[in-house]
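Using this note's numbering, the first residue of the first sequence is number 36, and each one after it goes up by one. Below: the structure, in structure tokens.
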Amino acid sequence: MPYSFHEIEKKWQEHWEKNKTFQAKNPVDVSHASDGSAESSPSFGGGKGEAPKFYVLDMFPYPSGSGLHVGHPLGYIATDIFSRYKRLKGFNVLHPMGFDAFGLPAEQYAIQTGQHPAVTTEKNIERYRNQLKQIGLSFDWSREVRTCDPSYYKWTQWIFLKLFSCWYNNKSGKAEPIETLIEEFERNGNREVDASCTEVSCFTAQWWNQMTEPEKQEMLLNYRLAYLSETMVNWCPELGTVLANEEVTNGLSDRGGHPVERKLMKQWQLRITAYAERLLSDLEKIDWPSNIREMQRNWIGRSEGALVKFRVDGHALDLEIFTTRPDTLFGVTFMVLAPEHPHIEKIAAGKYREGVLEYAHRAMNRTERDRLAGAGKISGKFTGAYCIHPFTGQLVQIWVSDYVLAGYGTGAIMAVPAHDTRDYSFAKHFNIPIKKVIRCGENDPECYDGNDGVLINSDFINGLGVRQAINRIIVEIEKQGIGRAKVNYKLHDAVFSRQRYWGEPFPVYYKNGVPYPVDEHALPVTLPKVDKYLPTETGDPPLARAKEWKTPGGYPYEHNTMPGWAGSSWYYLRYEDPHNENVFASSQAVQYWQNVDIYLGGAEHATGHLLYVRFWTKFLHDLGYLPFDEPAKKLINQGMILGEDGEKMSKSRGNVINPDDVINEYGADTFRLYEMFLGPLEQAKPWDTRSIEGVHRFLKKVWRLYHSGKNESQGNNPDDGVFLINGEPPSLPELKILHRAIKKVQDDIEHFAFNTAVSALMVCVNELTDQKCFKKGILETLAILLSPFAPHLAEELWEKMGHRGSISYAPFPDYSDEYLKEDVIKYPVQFNGKMRFMIELPIDYSPPQVEAAVLAAPQAARYLNGNSPRKIIVVPGKIVNVVV
RNA sequence: GCCCGGGUGGCGGAACUGGUAGACGCGCUGGACUCAAAAUCCAGUGGUAGCAAUACCAUGGGGGUUCGAUUCCCUUCCCGGGCACCA
């Protein structure tokens with residue numbers, strides 16, 4: 036009987052689907068437990084109380100037109116093995132799949148063909164789902180989510196409304212309803228408010244109460260966590276839309292590689308900076324790869340320092356700068372403004388004015404890419420204006436240069452060429468004086484930017500160390516009212532609007548030019564039909580084409596849509612209660628399933644999705660909707676599968692391997708096993724079509740182990756055996772083989788070391804084959820061990836052994852130490868660290884006994900060479916080393 | 001430039017907290033079965049020398065700690081990833 040994987044796999048995939056084998060139960064289902072499913076999680080079926088939950092999640096895919104390639108399922112297979120393992124271990128496992136279905140490719144296709152993106156998307160999803168099902172993945176498809184589905188994006192919009200209607204209170208350290216802020220404004224103005232907000236000037240309660248409604252709304256936008264504001268954005272003319280920082284690399288869009296410019300535009304933004312500190316510090320408490328955490332740390336980019344104001348000479352203006360080294364304040368010899376700095380226009384003076392404005396204009400209009408290309412080249416202009424040094428009263432030149440970034444700090448710096456390499460190069464280039472204020476040793480370099488040293492030439496901080504000097508001068512700065520200590524972040528608020536059709540509409544309408552939230556009960560605001568998916572002639576987003584698209588009250592809706600990452604920032608929560616029409620997920624559901632236990636996906640989402648999903652989780656936690664404030668306890672990044680040429684798989688290289696073809700030729704079980712056997716999950720590794728034969732052979736060998744019986748027409752073909760296992764009691768060697776495998780497979784799965792788990796299964800099967808072991812007591816357990824990896828084959832064998840239901844909920848075997856321990860051990864014997872021979876000794880020999888036995892061994896004499904050993908090291912159970 | 005990973009047979013990779021380097025698989029060589037092939041099975045397979053027992057060399061290079069180092073330390077080279085005027 037040959038191993039006919041096609042039949043077997045089809046049979047069991049249908050069985051799982053028909054019997055809803057992998058449907059996970061929510062705790063509420065217990066009360067009305069008779070749901071008619073034949074087999075499923077043991078947890079709530081028998082009313083035996085709650086099984087422990089386990090939530091295993093894959094990053095959901097964007098369903099592209101080209102379908103899956105062999106690299107995509109790698110992570111899905113890994114999580115599937117883990118999920119199946121956890122089910123065997125008695126957990127109620129949540130293992131869902133869905134689709135990140137809004138996005139550019141479907142829209143570009145729509146622009147070209149006029150086909151509605153929903154149609155293309157639907158088709159692609161269909162294809163993806165079928166491909167995934169073919170692999171035998173144990174997803175609970177009844178929980179599938181799609182971000183483009185109105186019943187899903189209703190809740191994306193709902194979360195947006197919450198963000199819109201909240202502000203971040205730094206005093207309580209969390210988000211709060213905007214009403215609490217309004218009350219405070221009405222009572223005390225904003226004097227006492229400590230919020231994460233856009234810079235606003237102080238106002239009193241009286242002022243507030245006298246403001247008009249639009250004025251109030253305008254003011255509140257400075258506080259809301261979702262707000263509309265005029266900001267510098269990354270504009271991509273080719274895509275006709277703005278992009279978030281993490282969607283741009285080296286001045287090119289990640290999607291398509293088009294040039295990106297800086298542009299001032301009114302856009303929706305999310306105040307993620309309010310959460311910067313928590314996003315940073317909570318990295319400590321999650322089990323994520325250190326490189327991902329490091330990338331997030333860098334992205335958030337916290338630095339401690341001070342804001343200091345310098346008077347501009349002859350103007351009623353202050354120039355505010357941020358510095359991490361206020362201790363070097365006495366070393367300032369010039370100031371530098373970013374080309375975008377608003378003061379330039381006001382202070383550029385006399386004969387310098389024209390050149391300065393021209394320079395600033397040119398620098399500003401260069402694309403991000405040009406600017407990066409020119410990095411390292413020094414350029415700048417003296418504005419003709421001066422600052423007054425707050426402590427010395429000396430005049431300090433103000434320059435403009437593109438080495439100062441508008442987007443960081445205040446867009447202006449104090450330059451200390453003696454202690455900053457960039458300032459130093461600039462000063463050298465333009466012949467500006469350099470003043471040392473730190474002595475670090477005997478022969479000081481001309482520019483020293485370290486912080487070991489003692490302050491000199493610095494008035495009241497002379498003689499102090501850098502650390503003390505910083506503290507001391509900040510006290511003085513604050514006392515004199517010229518500045519304050521400040522923590523600065525590289526992280527920016529996230530641009531949240533896109534000038535696109537295929538995304539979530541904002542639940543926002545405009546009245547008198549002021550944005551108002553759509554009532555929660557009127558959600559979802561669904562996408563209107565448009566005649567074309569292009570911007571209007573006047574350059575408005577595609578949604579502006581829907582002229583009749585208005586609120587019942589006749590007000591126009593927002594024409595922007597949300598970015599791709601909106602829907603993916605909370606999807607893991609929807610899986611917990613996917614059909615709930617009243618809330619995004621019930622409190623029982625989130626209480627039971629909690630956050631994700633294992634989250635698996637690519638490292639390319641480190642500073643995008645993985646930061647946003649943490650942000651939204653913390654926000655919903657603040658509002659009391661979630662009992663946890665991190666989305667995933669443990670994160671694993673799977674490595675890429677490269678083409679056979681060792682290059683990244685891509686259509687253009689022609690090295691793409693299609694999983695359908697592999698499954699067709701070898702079956703899903705072989706495919707699964709092979710992807711795992713390829714190497715460590717996290718590592719990048721090349722595909723090798725030849726090696727797949729090896730795992731396929733292994734599965735055939737497994738099959739034969741259960742089919743070694745002879746039938747009448749016994750020929751030479753080993754596939755001719757009939758199913759045969761017997762009930763004889765297993766022998767000790769057989770039990771040893773089995774229990775070694777149980778332990779190894781279990782340990783390896785727990786550590787996500789699937790490659791070595793497969794190897795352990797191979798060893799076990801090889802050894803059992805050598806033993807000619809056809810005993811039920813062994814082979815039954817072996818089938819369970821195998822079932823997470825090759826579930827179809829395992830199900831088939833399980834059924835043949837007389838079991839009725841699915842193997843998916845069989846108990847994972849316990850190994851017993853009794854079968855793992857040996858009573859003799861083969862000691863490797865080294866002489867001077869070189870392995871010379873093996874000697875078999877009883878396990879319980881004491882070191883002196885081992886020593887004696889080794890020296891008495893016949894082989895020992897030739898290495899001793901008549902000498903007596905100087906020293907003998909015996910590591911019990913491990914090794915013996917004789918030093919001669 | 002800075003920060004992370006990683007360099008082990010012809011190839012993918014194994015090796016627990018320092019303890020037999022090369023598990024498992026691919027490939028290759030020889031053999032069995034067969035008219036032949038496929039499939040399957042058996043034996044061998046890091047390098048050099050030797051008929052062999054065996055010896056020496058070997059985990060990117062160099063140095064060190066240790067009875068003993070792929071594993072720890074220093075140094076250097078190469079590859080992959082991330083960040084990059086962040087004041």
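Glycine included, C-beta positions come from ideal geometry on N, C-alpha and C.
Residue i versus residue j - alpha carbon distance
i      : j      : result
Leu922 : Ile170 : What is shown of the chain runs 36 to 919, which leaves residue 922 out entirely.
Ala141 : Trp537 : 8 Å
Arg9   : Arg406 : Examination of residue 9 is not possible in this model, given that the chain is present from 36 through 919 alone.
Ile860 : Leu876 : 5 Å
Pro130 : Tyr90  : Per the sequence presented here, residue 130 reads as His, with Pro not at that position. In a straight line, the C-alpha of His130 is about 6 Å away from that of Tyr90.
His41  : Ile698 : 9 Å
Leu342 : Ile512 : 9 Å
Ala896 : Thr705 : 52 Å
Ser200 : Leu655 : 13 Å
Asn400 : Thr586 : 39 Å
Asn862 : Lys835 : Looking at the sequence shown, residue 862 is not Asn but Tyr. Cα-Cα distance, rounded: 43 Å.
Ser414 : Ser436 : 6 Å
Arg306 : Lys298 : 19 Å
Val228 : Ala240 : 12 Å
Thr3   : Ile379 : With the chain represented from 36 up to 919, any question about residue 3 goes unanswered, as that position is not in the structure.
Pro361 : Ile509 : 7 Å
Ala638 : Ile327 : 7 Å
Thr418 : Glu248 : 42 Å
Cβ shell of residue i (< 7 Å), same chain only, five flanking positions each side left out
i      : result
Leu109 : Gln673, Ile676 and Glu710
Phe650 : Ile307, Tyr310 and Leu314
Pro212 : Ser200 and Cys201
Asn867 : Val918 and Val919
Buried versus exposed, by CB contacts within 10 Å (16 or more), residue i
i      : result
Ala145 : buried
Asp879 : exposed
Gln302 : buried
Arg725 : exposed
Met370 : buried
Lys686 : exposed
Ala891 : exposed
Gln515 : exposed
Pro540 : buried
Phe345 : buried
Gly781 : Going by the sequence as given, residue 781 is Gln instead of Gly. Gln781 is buried by the Cβ-count criterion.
Residue range of the alpha helix (DSSP H) that includes residue i
i      : result
Tyr634 : Where Tyr634 is concerned, there is no enclosing alpha helix (DSSP H), although the beta strand (DSSP E) it sits in stretches over Val631 to Gly636.
Glu875 : First-last for Glu875: Lys869 to Pro877, but that is the beta strand (DSSP E), not the alpha helix (DSSP H).
Gln965 : Residue 965 falls outside the range modelled here, since the chain spans only 36 to 919, and no answer is possible.
Ser881 : Taken as a continuous stretch (DSSP letters only), Ser881 belongs to no alpha helix (DSSP H), as it is neither H nor E.
Pro768 : Leu767 to Glu785
Ala896 : Ala895 to Leu899
Trp651 : His644 to Asp657
Leu920 : Residue 920 is absent from the structure shown; the chain starts at 36 and stops at 919.
Tyr854 : Asp852 to Leu855
Pro904 : First-last for Pro904: undefined, no H or E at that position.
beta-carbon residue i near the ligand HEM non-hydrogen atom, thresh 8 Å
i      : result
Ser743 : What this structure holds is no ligand at all, so the ligand HEM is not there to describe.
Close-in-space but distant-in-sequence residues of the same chain around residue i (CB under 6 Å, 5 per side omitted)
i      : result
Pro468 : Thr368
Arg688 : Glu682
Gly762 : Lys811
His67  : Confidence at His67 is low in this model, with a pLDDT of 43, below 50, so its placement is unreliable and the value that follows should be read with caution. So no residue of the chain qualifies.
Pro185 : Pro559 and Thr561
Leu578 : His594
Boundaries (first-last residue) of the beta strand (DSSP E) holding residue i
i      : result
Met254 : It is not in any beta strand (DSSP E) - Met254 instead sits in the alpha helix (DSSP H) that spans Glu248 to Leu256.
Arg346 : Ser338 to Val347
Cys799 : Counting along the chain, Cys799 falls outside any beta strand (DSSP E), though it belongs to the alpha helix (DSSP H) covering Phe789 to Gln806.
Neighbourhood of residue i by C-beta distance below 8 Å, restricted to the same chain and skipping five residues each side
i      : result
Ser903 : none
Item to check | Continuous beta strand (DSSP E) assignments of at least 3 residues falling wholly in the region 522-577 | outcome: 543-546 and 549-552
Item to check | Runs of beta strand (DSSP E) lying entirely within the region 101-145, each at least 3 residues, in chain order | outcome: 127-129
Checklist entry - Which runs of the beta strand (DSSP E) fall wholly inside the region 699-735 and span at least 3 residues, in chain order? => result none
Item to check | Segments assigned alpha helix (DSSP H), at least 4 residues, entirely inside the region 352-433 | outcome: 378-382, 388-400 and 403-408
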